Amino acid sequence: MTGIPFIGALVLSLAFQIMPVDNLRAQVPGTTGHERLSEVACVDVPVGKQRPEFGCFNIGTATGLHFNQASVYWHLRAFPNRKAAEAAKSATGIVVEEDGRVWLSEFGARNIAPRGGKAIAVIGPLQLPAAESYTAVLSYAVMRPGDSSRVHTHPGPEGWYVLAGEQCLETPAGADRAQAGGTTTVRPNIPMELNVTGTKLRRAFALVIHDSAQQRGIPSDWKPSGACSR
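With our numbering as the guide, the letters of the sequence shown map in order to residues 178 to 407.
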């Protein structure tokens with residue numbers, strides 16, 4: 178593939194937990210027929226441990242990335258099987274199986290031409306902070322109306338592709354909404370809270386590309402205004 182930056186090393190794993198799965202969220206009574214999940218954070222699930230039905234889970238990690246441009250685009254494609262996706266994958270690609278399909282994520286310029294599969298979305302630009310190397314973490318979330326993430330920041334950009342349902346991302350700039358088939362991006366070091374809106378189950382991919390020397394995300398003491406509920 179042309180136009181894709183060199184990557185020193187690529188590791189796909191579900192390795193060490195960012196936080197224990199048992200501490201995935203705080204549960205508080207809601208008004209939508211279930212116990213609302215709040216303070217959801219994306220976690221790794223150890224091999225052999227069953228994943229909870231709802232939450233956000235890290236499903237693919239690429240480390241030691243070296244980009245030669247200030248921003249990249251996330252190209253998301255679907256394939257009929259894993260063998261086809263692996264055959265099409267470049268040195269920068271991440272292949273995962275979720276939501277009943279096989280997905281390939283590639284990173285690079287907007288006009289790159291990934292091989293094979295069905296083009297689903299191009300998410301970006303994702304503005305990169307200066308760093309010696311980067312880590313990309315791909316996550317998959319299943320959350321219900323009324324659920325919300327913890328208030329947090331990332332030391333790198335984040336992008337989302339919504340598979341089903343609706344979401345609303347509140348930052349100091351206001352509310353950014355996306356429905357099934359839609360995308361959202363946010364710049365590095367922006368405090369945020371993600372809320373599931375509407376009446377349907379929300380399923381989505383999220384990607385964070387961050388400075389490898391820093392944690393993927395940290396809690397923030399910023400106070401949301403409730404813009405997503407208005």
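Cβ atoms here follow ideal geometry from the backbone N, Cα and C, with glycine treated the same way.
If you're wondering where the values come from, they're calculated on a predicted model, not measured in any experiment.
Cβ shell of residue i (< 8 angstroms), same chain only, five flanking positions each side left out
i                 : result
valine 249        : Pro182, Phe284, Gly285, Ala286, Gly301, Pro302, Leu303, Leu305 and Ile386
isoleucine 297    : Leu253, Arg254, Ala255, Trp280 and Tyr338
threonine 209     : Because threonine 209 carries a pLDDT of 44, less than 50, the predicted location of this residue cannot be relied on, and the following value inherits that uncertainty. Excluding sequence neighbours, threonine 209 sits near Arg321, Pro322 and Gly323.
phenylalanine 427 : The requested residue 427 does not occur in the structure, where the chain is confined to residues 178 to 407.
alanine 247       : Gln304 and Leu305
arginine 407      : Ala352
alanine 261       : Val279, Gly293 and Gly294
Beta-carbon contacts of residue i that lie in its chain and below 7 angstroms, excluding the five residues immediately before and after
i              : result
serine 190     : Summary for serine 190: the model assigns pLDDT 35, below 50, so the residue's position carries little reliability, and this model does not support an answer.
arginine 364   : Gln304 and Pro334
proline 332    : Pro306, Pro365, Asn366, His387, Asp388 and Gln391
glutamate 263  : Val272
isoleucine 395 : His329 and Thr330
proline 401    : Val328, Glu347 and Glu370
Run of the beta strand (DSSP E) containing residue i, from where it starts to where it stops
i             : result
arginine 254  : 248-256
proline 302   : 295-304
alanine 239   : 232-242
glutamate 212 : 212-215
glycine 285   : 278-285
glutamate 274 : 271-275
Close beta carbons around residue i, own chain, < 6 angstroms, minus the five adjacent residues each side
i             : result
arginine 336  : Per the sequence shown, residue 336 should be read as glycine rather than arginine. Same-chain partners within the cutoff: Trp251, Ile300, Leu303, Thr362 and Leu384.
alanine 203   : The pLDDT assigned to alanine 203 is 39, lower than 50, so where the model puts this residue is not dependable, and the model offers no usable value.
arginine 292  : Ala265
cysteine 219  : Cys233, Asn235 and Ser316
alanine 308   : Asp388
serine 397    : Val328, His329, Thr330 and Pro368
threonine 348 : Ile367 and Met369
aspartate 353 : Leu346 and Thr361
arginine 259  : Val279
Residue i, enclosing alpha helix (DSSP H) - first and last residue
i              : result
methionine 263 : The question names methionine, but residue 263 in the sequence shown is glutamate. Start and end: 259-265.
Contact with chain C by residue i, beta-carbon distance below 8 angstroms
i           : result
leucine 242 : No chain C appears in this structure, which consists of one protein chain only.
Distance between beta carbons of residue j and residue i, contact taken as under 8 angstroms
i              : j            : result
alanine 318    : arginine 380 : 7 angstroms
isoleucine 271 : leucine 315  : 6 angstroms
alanine 404    : glycine 359  : That pair is no contact at about 18 angstroms.
glutamate 275  : serine 326   : Actually they do not touch by this definition, with Cβ atoms about 19 angstroms apart.
leucine 340    : alanine 357  : 6 angstroms
* **Contiguous beta strand (DSSP E) assignments of at least 3 residues, all confined to the segment 359-406** => For the segment 359-406, whole beta strand (DSSP E) runs of length 3 or above, ordered along the chain, are 360-363, 370-374 and 379-388.
* Asked: For the segment 311-361, which segments carrying the beta strand (DSSP E) assignment without a break, of at least 3 residues, lie completely within its bounds, in sequence order?
  -> 311-320, 335-341, 343-348 and 351-356
* Given 8 angstroms, three or more beta-carbon pairs between the segment 344-355 and the segment 373-383 -> yes
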